[in-house]
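Colleague: In the UniProt record's numbering, the protein residues as written are 1 to 112.
Ideal Cβ positions, reconstructed from N, Cα and C, are used throughout, including at glycine.
One structure, pasted below without further comment.
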Amino acid sequence: MSQVQVISGVERRRRWSDEQKQAIVAAAFAPGAVVTEVARRADVNSGQIYRWRRDLRMEPSGFAEVVVSSAGPSDISASVIDVALSDGTRVQIAAMTPPELASAVVKALVHR
């Protein structure tokens, strides 16, 4: 006759709120961060963090990530806003462009 071992205890599957997922993903992809170290601290697999990042990108949030850098000359007439979309599309908008027009250009690119 064979034996069967029954292991009882707390369920291992955990539930993460969207806010927790966003915090872990943001920490994992912060400048200088290492995904595997963040995963170890959060007690998740690093592949799970990449999955959450992909899933969170698919959710329409109405906001876009903006990175501000000080590359190039400080001459205001030469200043441009460089917009890079996730599909690889890039557009440069003069810094002196009215905000309404810049917003309309970005919206047109996103919704095409």
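1) Within a Cβ cutoff of 6 angstroms, which residues of the same chain sit near Arg53, ignoring the five residues on either side of it in sequence?
2) Within 10 Å of its beta-carbon, does Lys107 have 16 or more other beta-carbons around it, so buried, or fewer, so exposed?
3) Based on the DSSP output, what are the partners of Arg90 in its beta bridges?
4) How long is the line joining the alpha carbons of Glu19 and Ser46, rounded to whole angstroms?
5) Within 10 Å of its beta-carbon, does Ala30 have 16 or more other beta-carbons around it, so buried, or fewer, so exposed?
6) For the ligand PLP, I want to know if Val44 counts as a neighbour, meaning its beta carbon is within less than 7 angstroms of at least one of the ligand's heavy atoms.
Modeller: So, from the data block:
1) In the sequence shown, residue 53 corresponds to position 53, counting from 1. For Arg53, where only same-chain residues beyond five positions count, the Cβ hits under 6 angstroms are Val25.
2) Here residue 107 refers to the residue found at position 107 when the sequence shown is read from its first residue. The residue is exposed, with fewer than 16 neighbouring Cβ atoms inside 10 Å.
3) In the sequence shown, counting from the first residue as 1, residue 90 sits at position 90. Ala84.
4) By 1-based counting over the sequence shown, the position of residue 19 is 19. By 1-based counting over the sequence shown, the position of residue 46 is 46. Going from the Cα of Glu19 to the Cα of Ser46 covers about 18 angstroms.
5) The residue labelled residue 30 in the question sits at position 30 within the sequence shown. Classification of Ala30: exposed, given that the 10 Å Cβ count is below 16.
6) With respect to the ligand PLP, the structure offers nothing, as it holds no ligand at all.
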